[in-house]
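A.B. asks: Quick mapping for you: the protein sequence lines, in order, are chains A and B.
Sequence positions in the first sequence follow numbering that gives the first Met the number 0 and run 0 to 152.
Sequence positions in the second sequence follow numbering that gives the first Met the number 0 and run 0 to 152.
In this text, a Cβ means the ideal position worked out from N, Cα and C, and glycines have one as well.
The structure under discussion is supplied below as structure tokens; questions concerning it will follow.
2 protein chains.
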Amino acid sequence: MTRKTWAFEDLTVGRSIDLGHKDVTAEEIVEFAAEYDPQPMHLDEEAGRASILGGLSASGWHTCSMYMRLLCDAFLLDSTSQGAPGIDQIKWKRPVLAGDRLGGSITVLAARESKSRPAIGIVSFRSELFNQRGDAVLELDNSIMFLKREAQA
Amino acid sequence: MTRKTWAFEDLTVGRSIDLGHKDVTAEEIVEFAAEYDPQPMHLDEEAGRASILGGLSASGWHTCSMYMRLLCDAFLLDSTSQGAPGIDQIKWKRPVLAGDRLGGSITVLAARESKSRPAIGIVSFRSELFNQRGDAVLELDNSIMFLKREAQA
Numbered sequence: 000m001t002r003k004t005w006a007f008e009d010l011t012v013g014r015s016i017d018l019g020h021k022d023v024t025a026e027e028i029v030e031f032a033a034e035y036d037p038q039p040m041h042l043d044e045e046a047g048r049a050s051i052l053g054g055l056s057a058s059g060w061h062t063c064s065m066y067m068r069l070l071c072d073a074f075l076l077d078s079t080s081q082g083a084p085g086i087d088q089i090k091w092k093r094p095v096l097a098g099d100r101l102g103g104s105i106t107v108l109a110a111r112e113s114k115s116r117p118a119i120g121i122v123s124f125r126s127e128l129f130n131q132r133g134d135a136v137l138e139l140d141n142s143i144m145f146l147k148r149e150a151q152a
Numbered sequence: 000m001t002r003k004t005w006a007f008e009d010l011t012v013g014r015s016i017d018l019g020h021k022d023v024t025a026e027e028i029v030e031f032a033a034e035y036d037p038q039p040m041h042l043d044e045e046a047g048r049a050s051i052l053g054g055l056s057a058s059g060w061h062t063c064s065m066y067m068r069l070l071c072d073a074f075l076l077d078s079t080s081q082g083a084p085g086i087d088q089i090k091w092k093r094p095v096l097a098g099d100r101l102g103g104s105i106t107v108l109a110a111r112e113s114k115s116r117p118a119i120g121i122v123s124f125r126s127e128l129f130n131q132r133g134d135a136v137l138e139l140d141n142s143i144m145f146l147k148r149e150a151q152a
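This is the structure we're talking about:
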């Protein structure tokens, strides 16, 4: 295994990692929605303006997926991550519209060693994404399992 | 507005709606992962077999997105849905592997009228997806807002 930069020991409570940025295009919004969430406000600008979302807006699942890509590129691919059992909560706080630029951070809320698997630690995070106006659009809490540093082969 | 089949009044506690089926292909798993979750076990069969997931496996976000499409086709597109503020919890209970056939249901846990918006009701659901062996792969709880029947224009 290639030695990873981020292991369990690096993810200490309060540590915050910048997630970089993602520019959201109308084409991507429509492409995702056509496959996975074909509600009118995710497929058509006019339907979006007529909805409570106020414009062509990304599926909430598309927003989560874009967040996941930011997370992968920011640190997860260069970590000892062993995966996540689920998500504790997601809040879609404001619509994500075509032309928005998303950015944000992930912060460690808690970290503990696994009782059943001594090579593993479990880290609880809160992630937040904002648009270019500084409005929060996504809040997401979850836990991810990481190998300890010495457990890397 | 076209009159929809499913309004708030139809979503009574205990009601369960079948979500149909989705066959998961290796090509879709890799396509989604390349864009949104490029971890090795979602991109490559061999890396998947070497991971705790045991094979080329869908990103958890891909599983959620496939679930959303099933939900749209089963009833949401023919409902008075006004959207969802978030997700209360997601459990990825087992890996979703290439070749799996997913199916399941969504069940009403609670339903209440909105205090601030009399035309709206808020319905809380639990959704479950299973694979072709009957193993639970996804459990997801959330609330969706629906117009009441008489509020449809």
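So which residues on chain B does Ser64(A) lean against when the C-beta distance must stay under 9 Å?
C.D. replies: Phe31, Glu34, Tyr35, Asp36, Ser58, Trp60, His61, Cys63, Ser64
A.B. asks: Do Gly82(B) and Leu18(A) have their C-beta atoms closer together than 9 Å?
C.D. replies: No, the pair does not count as a contact, with Cβ atoms beyond the cut-off.
A.B. asks: Taking Met65(A) as the reference, which of Pro37(B), Leu75(B), Leu108(B) has the closest Cα?
C.D. replies: Pro37(B)
A.B. asks: Taking only beta-carbon atoms, is Arg125(A) less than 9 Å away from chain B?
C.D. replies: no
A.B. asks: Bridge partners for His20(A) per DSSP, in chain order?
C.D. replies: Gly102(A)
A.B. asks: Do you know how far the Cα of Cys71(A) is from the Cα of His41(B)?
C.D. replies: Each residue's alpha carbon lies about 12 Å from the other.
A.B. asks: Going along chain A in order, which residues have a C-beta closer than 9 Å to the C-beta of Lys21(B)?
C.D. replies: Ordered by position in chain A, no residue passes the 9 Å Cβ test against Lys21(B), which lies about 11 Å from the chain.
A.B. asks: Taking the straight line between their C-alpha atoms, what separation do you get for Val29(B) and Ser56(B)?
C.D. replies: 9 Å
A.B. asks: Starting from the Cα of Asp9(B), find the closest Cα among Ile86(B), Ala49(B), Ile121(B) and give me that residue.
C.D. replies: Ile121(B)
A.B. asks: Applying a beta-carbon distance threshold of less than 7 Å, which residues of chain B neighbour Gly82(A)?
C.D. replies: Residues of chain B passing the Cβ test: Ile51.
A.B. asks: For Ser115(B) and Leu108(B), what's the separation of their Cα atoms in angstroms?
C.D. replies: 21 Å
A.B. asks: Within a Cβ cutoff of 7 Å, which residues of the same chain sit near Glu112(B), ignoring the five residues on either side of it in sequence?
C.D. replies: Gly120
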